[in-house]
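Peer 1:
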């Protein structure tokens, strides 16, 4: 063979081999993509089956333990992730019940934002025309965020049978924070909770006066929520009652026993529980029992209810007295010394970074105390007197000596 011919054949081999190898890789890639698609489809089907069984368990356990007592004329409406009784008279739910499960922690389905009449309510429900440009938000009783782990349950929260009219400041403010508060507990404990929610309905409530309205939708003055943990070592319950208005105080300030909601609404909650257990948990209102030790907000305490005696103010009221010298009272739930700022910070009622108010002892003023303010005042209910200033939109008082600090009981003369 001539040298030139050998060289040409060798070059041809090098040109052909990569093409063949490339073709083999493309075939391999195509097969893998097909296998992956089939696997993804199988996985989606398995997730759907899992969700279906999880929802069936939720409905079973709601029926077994979670339903309030049905009154004459009540019709139970069952959706994939929640149940309710609808009030035709007021065109909104009388109550709803659902289970907030740990699945919500990883739920990532998007909001639907398409509200629909509930096809299961025989008398019909409110419709979009009743709410559109009414000045009221469509307030969820079962939070959509609690159901973002499964589409069928999520969709059910957007029926008008799950909606009550709420002022925007309330719906997007403390009501949303209350919903977050319940999910926070599920997140930290990894346990489900039973939740009942609803408006306080009565004769004589005002209705939304829209010219193009299709229904007479009552405007509740109050809303309530009941949360129960039956799976923990020590079953417990707590309830909340909130006015349908802009609220300032932390969510825990609105905590009440379940018994209080029963008296307010006439609804008998958890009648299927054993009497001893029902009676025991329905008098509970200890919000501190609903925090895990490692939570940032574990030490949170409700502000002292207003009005305070002797012209004093609580931590929430402090912001209305910026520039004035006043006395502010609360519980020191957190204290810390910062080297950079050269100061001791005393957080009242709510830990950093969500504090409503704090007191500061600058390093050069600490010599004016016979005790260490950081350790001695922690967990004590105290009053501080001084000029209220604002820093990073949080009111504070800088205290200069012991005379500007009193224990609360001493300040009010107890």
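Numbering (this note's numbering), first residue to last: 10 to 423.
Think of the CB as a built atom: it goes at the ideal place given N, C-alpha and C, for glycine as much as any other residue.
Nearest-angstrom Cα distance between residue 253 and residue 178?
Peer 2: Approximately 9 Å, taken between the alpha carbons.
Peer 1: Identify which residue in 144, 223 and 249 has its Cα closest to the Cα of residue 232.
Peer 2: Checked all of 144, 223 and 249; the closest Cα to residue 232 is 249.
Peer 1: Hey, how far is the Cα of residue 309 from the Cα of residue 65?
Peer 2: Those two C-alpha atoms are separated by around 37 Å.
Peer 1: Following the continuous beta strand (DSSP E) through residue 146, name the residue where it begins and the one where it ends.
Peer 2: Where residue 146 is concerned, the enclosing beta strand (DSSP E) stretches over 146 to 149.
Peer 1: Using CA coordinates, which residue listed in 362, 264, 170 and 263 is at the minimum distance from residue 87?
Peer 2: If we check each option's Cα against that of residue 87, 170 comes out closest.
Peer 1: So for residue 209, helix, strand or coil by DSSP?
Peer 2: Residue 209 falls in the coil class under three-state DSSP.
Peer 1: Using C-beta distances below 6 Å, list every residue in its chain close to residue 140, excluding the 5 sequence neighbours before and after it, in chain order.
Peer 2: The residues are 147.
Peer 1: When DSSP labels each residue in this structure, what does residue 311 get in the three-state scheme?
Peer 2: Correct three-state label for residue 311: coil.
Peer 1: Identify every run of the alpha helix (DSSP H) within the region 252 to 320, keeping only runs that are complete inside it and at least 4 residues long; order them along the chain.
Peer 2: Within the region 252 to 320, the complete alpha helix (DSSP H) runs of at least 4 residues are 267 to 274 and 284 to 290.
Peer 1: Expressed to the nearest angstrom, what Euclidean distance is found between the alpha-carbon atoms of residue 489 and residue 314?
Peer 2: As displayed, the chain neither begins before 10 nor continues past 423, which places residue 489 out of reach and without an answer.
Peer 1: What does the Cβ neighbour count give for residue 406, buried or exposed, with the cut at 16 atoms within 10 Å?
Peer 2: Label assigned to residue 406: buried.
Peer 1: Secondary structure at residue 415, three-state DSSP: helix, strand or coil?
Peer 2: DSSP places residue 415 in strand when its eight states are reduced to three.
Peer 1: In terms of residues, what are the limits of the beta strand (DSSP E) holding residue 183?
Peer 2: First-last for residue 183: 183 to 198, but that is the alpha helix (DSSP H), not the beta strand (DSSP E).
Peer 1: Is it buried or exposed for residue 410, if we count other Cβ within 10 angstroms and need 16 for buried?
Peer 2: Answer is exposed; the Cβ neighbour count stays below 16.
Peer 1: At the level of alpha carbons, what is the spacing between residue 95 and residue 255?
Peer 2: About 26 Å.
Peer 1: Touching or not, the region 331 to 340 and the region 290 to 297, by the rule of three or more beta carbon pairs under 8 Å?
Peer 2: Taking 8 Å as the limit for Cβ pairs, the verdict is that the region 290 to 297 does not touch the region 331 to 340.
Peer 1: Excluding the 5 residues flanking residue 340 on each side, which residues of the same chain have their C-beta closer than 6 Å to its C-beta?
Peer 2: Counting only Cβ-Cβ distances below 6 Å, and skipping sequence neighbours, we find 310, 358 and 390.
Peer 1: With 16 as the cutoff for other CB atoms within 10 Å, does residue 345 come out buried or exposed?
Peer 2: With fewer than 16 other Cβ atoms within 10 Å, it is exposed.
Peer 1: Go through its chain and collect everything with a Cβ distance to residue 398's Cβ below 8 Å, but skip five positions before and after it.
Peer 2: So the qualifying residues of the chain are 331, 332, 404, 405, 406 and 407.
Peer 1: Which two residues bound the contiguous alpha helix (DSSP H) that contains residue 357?
Peer 2: Element bounds for residue 357: not the alpha helix (DSSP H) but the beta strand (DSSP E), 352 to 357.
Peer 1: May I ask you to check if the CB of residue 67 is nearer than 8 Å to at least one heavy atom of the ligand SAH?
Peer 2: The ligand content of the structure shown is nil, which means the ligand SAH is not present either.
Peer 1: Taking the alpha helix (DSSP H) that residue 93 falls in, what are its first and last residues?
Peer 2: Here residue 93 belongs to no alpha helix (DSSP H); instead the beta strand (DSSP E) covers 91 to 96.
Peer 1: Could you pull the start and end residues of the alpha helix (DSSP H) that residue 140 belongs to?
Peer 2: Its alpha helix (DSSP H) spans residues 137 to 140.
Peer 1: Please say whether residue 156 and residue 75 have beta carbons closer to each other than 9 Å?
Peer 2: Their beta carbons are not under 9 Å apart, which means residue 75 does not touch residue 156 by this criterion.
Peer 1: Looking only at C-alpha atoms, which of 68, 80 and 48 sits nearest to residue 280?
Peer 2: Measuring from the Cα of residue 280, the nearest candidate turns out to be 80.
Peer 1: Is DSSP giving residue 86 helix, strand or coil here?
Peer 2: Three-state DSSP puts residue 86 in a strand.
Peer 1: Run through DSSP, which three-state label would residue 158 get?
Peer 2: Reduced to three states, the DSSP call for residue 158 is coil.
Peer 1: Just mark residue 242 as buried or exposed, buried being the case when its beta carbon has 16 or more other beta carbons within 10 Å.
Peer 2: Exposed is the call here.
Peer 1: Quick check on DSSP: helix, strand or coil for residue 107?
Peer 2: In this structure, residue 107 counts as strand in the three-state DSSP scheme.
Peer 1: Following the continuous alpha helix (DSSP H) through residue 178, name the residue where it begins and the one where it ends.
Peer 2: Element bounds for residue 178: 177 to 180.
Peer 1: What residue range is occupied by the uninterrupted alpha helix (DSSP H) comprising residue 340?
Peer 2: It is not in any alpha helix (DSSP H) - residue 340 instead sits in the beta strand (DSSP E) that spans 334 to 347.
Peer 1: In angstroms, rounded to a whole number, what distance separates the CA positions of residue 46 and residue 56?
Peer 2: Approximately 15 Å, taken between the alpha carbons.
Peer 1: Quick one: give me the first and last residue of the beta strand (DSSP E) that residue 367 is part of.
Peer 2: Note, residue 367: beta strand (DSSP E), 367 to 371.
Peer 1: To the nearest angstrom, how far is the alpha carbon of residue 19 from that of residue 33?
Peer 2: Confidence is the limiting factor: at residue 19 the pLDDT is only 47, short of 50, which leaves the residue's position unreliable and the question unanswerable from this model.
Peer 1: Where does residue 234 land, buried or exposed, given buried means 16+ other C-beta within 10 angstroms?
Peer 2: Residue 234 comes out buried.
Peer 1: Taking residue 118 as the reference, give the member of 160, 111 and 292 with the closest Cα.
Peer 2: It is 160 whose Cα lies nearest to the Cα of residue 118.
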